[in-house]
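Trainee: Here you go, one structure.
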Amino acid sequence: MKNNIKEDNIFCLGIESTAHTFGCSVIQFDLFKKKGKIISESRTVYKPPDGAGIHPREASRHHLDKSPNILREVLIQANLKPKEIDLISYSAGPGLGPCLRVGAVIARALSSFYNIPLIPVNHALGHIELGMMLTECRDPLVLLVSGGHTMVLAFSNKKWRVFGETQDITIGQLLDQFGRFLGFASPCGNKIEKYASQSSKKYYHLPYIVKGNDVSFSGILTAAKKLIENKYDKFDICFSLQETAFAMLTEVVERALAFTEKKEVLIVGGVSANNRLSTMLKIASKRQKATLYTCPLHFSGDNGAQIAWTAICEKVASGRAVKVQNALINQSWRLDKVEVNWR
Ligand code: AMP
Ligand code: MG
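In the working numbering, each number is its position in the sequence shown, counted from 1, plus 24.
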């Protein structure tokens, strides 16, 4: 590696392991241009048996097994030796304890062996920061929709403030739990989307529950399962489930948009891959004279780049890193508790 490249750039390794995905990525940050570039990225997703949910211990074993290859792959792709990394980051929560521990242990070991600064990152913040970096939006209302989150957020005074969230299961859990009931392997959102697109578009009534600006999806799950048990058409049920759940999300996003008067909407998290959801949000955003940005498909689900990029933002803004003995995990680390120093 040429010296000037090394001196003018920060190379940050990000490790993601909150739930089903083990992923790593290296981001190169140009200190003069203040621009980041994903120079390598690789991930592997734990697949539970068909019809079963994610088992934290099994998923963590998967992550442990696959981690050496994924790590090697991203370093080779980035053309870097471990000691040439300037910053190591890992997702410290929220997530499943056994899975989080795998990423944290690898990050601590690399950091202490090679004497590289270490930064723990909030996983949900990572989705937003990477989404903003890739779409170049500046001050969005964010809809974070994933396996672990359903939240509407806007940034104000150093923190992402919650303008609405789920009162029970997340949208990802609704899709995955219903999909597993149909016999699919998790994650199931894309399979439900496919079934919905094959439907005759006959709508079955499902509980539409919006309370204030919060949503509740568990009633939809129970009612949709009952329809399956009563042998109604599974394609039409998938269509109805998407229409109902996504209309609820669109309603709360539109109300938050009208309230905050933001001119940008950003969808991030694995469920942002869904075309029907983005179509509905595009219509609502247009009505409120806002532009919709969607995280590029490849980076909508969990990945190491979201962690590496957030760590770079933190390091450049505050210079903060943690000692290895303080590099902990927090399974229920809420996004609205994180102080953001760079906005
Ligand atoms: P994440 O936790 O961010 O990795 O997102 C995973 C969630 O995204 C899972 O609940 C998936 O079922 C969901 N997902 C992935 N692709 C789609 C899709 N095309 N439509 C809806 N949900 C999806
Ligand atoms: Mg996620």
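Glycine included, every Cβ here is placed at the ideal spot set by N, Cα and C. Remember, predicted model here, so these are calculated numbers, not experimental data.
#1: Three-state secondary structure (DSSP) at L104?
#2: Tell me whether C212 counts as near ligand 1, meaning its Cβ is closer than 6 Å to at least one heavy atom of that ligand.
#3: Distance check for R132 and L321, CA to CA, integer angstroms please.
#4: Compute the Euclidean distance between the alpha carbons of N146 and S240, then round it to the nearest angstrom.
#5: Beta carbon of G188, beta carbon of N254: below 7 Å?
#6: If you drop the 5 nearest sequence neighbours on each side, which residues of the same chain put their C-beta closer than 7 Å to that of F270?
#7: Less than 6 Å separating the Cβ of D54 from some heavy atom of ligand 1?
#8: In this structure, how does DSSP classify L206 when only helix, strand and coil are distinguished?
#9: Tell me the residue span of the alpha helix (DSSP H) that contains G155.
#10: Just to confirm the assignment: which complete beta strand (DSSP E) runs, minimum length 3, are found wholly within the region 159-196?
#11: Exposed or buried, D360, counting other C-beta atoms within 10 Å across all chains shown (16 or more means buried)?
#12: When you compare the region 56-65 with the region 194-211, are there three or more beta-carbon pairs, one atom per stretch, that lie closer than 8 Å?
#13: So the candidates are I252, C36, G47 and T268; which of them puts its Cα closest to the Cα of R204?
#14: Under the criterion of a Cβ to heavy atom distance below 6 Å, does A271 qualify as lining ligand 1?
#15: So, are the CB atoms of L95 and C48 less than 7 Å apart?
#16: Would you mind reading off the limits of the beta strand (DSSP E) that contains G236?
#17: Mind the definition here: the region 286-295 touches the region 215-223 only if three or more C-beta pairs lie below 8 Å; say whether that holds.
#18: Nearest by alpha-carbon distance to P211: which of G343, H44 and I34 is it?
#19: Give the list of continuous beta strand (DSSP E) stretches no shorter than 3 residues that lie fully inside the region 49-100.
#20: Over the uninterrupted beta strand (DSSP E) stretch that includes G121, give me the two end residues.
#21: Looking at the structure shown, is S356 part of a helix, part of a strand, or coil, going by DSSP?
#22: Would you please state the rounded distance, in angstroms, between the beta carbons of S136 and H151? I believe it to be under 8 Å.
#23: Using the Cα positions of M25 and N365, report the straight-line distance between them to the nearest angstrom.
#24: Applying the criterion that 16 or more other CB atoms from any shown protein chain within 10 Å of the CB defines a buried residue, is Y317 buried or exposed?
#25: What residue from V340, T334 and V346 has the CA that sits closest to I62's CA?
#26: Quick check: what's the CA-CA separation for A76 versus L104?
#27: Quick one: grab the DSSP three-state call for C262.
#28: Residues in its own chain within less than 6 Å of I216 by CB, not counting five upstream and five downstream?
#29: What do you reckon, are the CB atoms on L273 and Q312 nearer than 7 Å?
#30: Around ligand 2, what residues have a beta-carbon under 5 Å from a heavy atom of it, in chain order?
#31: Please identify the residue among R185, C337, N354 and R358 whose C-alpha is closest to the C-alpha of I34.
#32: Residues in the same chain with beta-carbon distance under 6 Å from H86, minus the five sequence neighbours each way, listed in chain order, please.
#33: Give me the Cα-Cα distance between V340 and K347, rounded to the nearest whole angstrom.
Mentor: So, to answer that:
#1: coil
#2: yes
#3: 30 Å
#4: 24 Å
#5: no
#6: R300, L301 and M304
#7: no
#8: coil
#9: H147 to T159
#10: 165-169, 174-180 and 183-189
#11: exposed
#12: no
#13: I252
#14: no
#15: yes
#16: Looking at the DSSP string, G236 is not in any beta strand (DSSP E), and its letter there is neither H nor E.
#17: no
#18: H44
#19: 59-69
#20: Note, G121: premise wrong, no beta strand (DSSP E); alpha helix (DSSP H) at G121 to Y138.
#21: coil
#22: 28 Å between Cβ atoms; not a contact.
#23: Any reading at M25 must be qualified, since the residue scores a pLDDT of 45, below 50, and its modelled position is unreliable; the value itself is stated next. Between M25 and N365, the C-alpha separation is close to 32 Å.
#24: buried
#25: T334
#26: 39 Å
#27: helix
#28: L199, G203 and C262
#29: no
#30: S170 and D326
#31: C337
#32: Y70
#33: 18 Å
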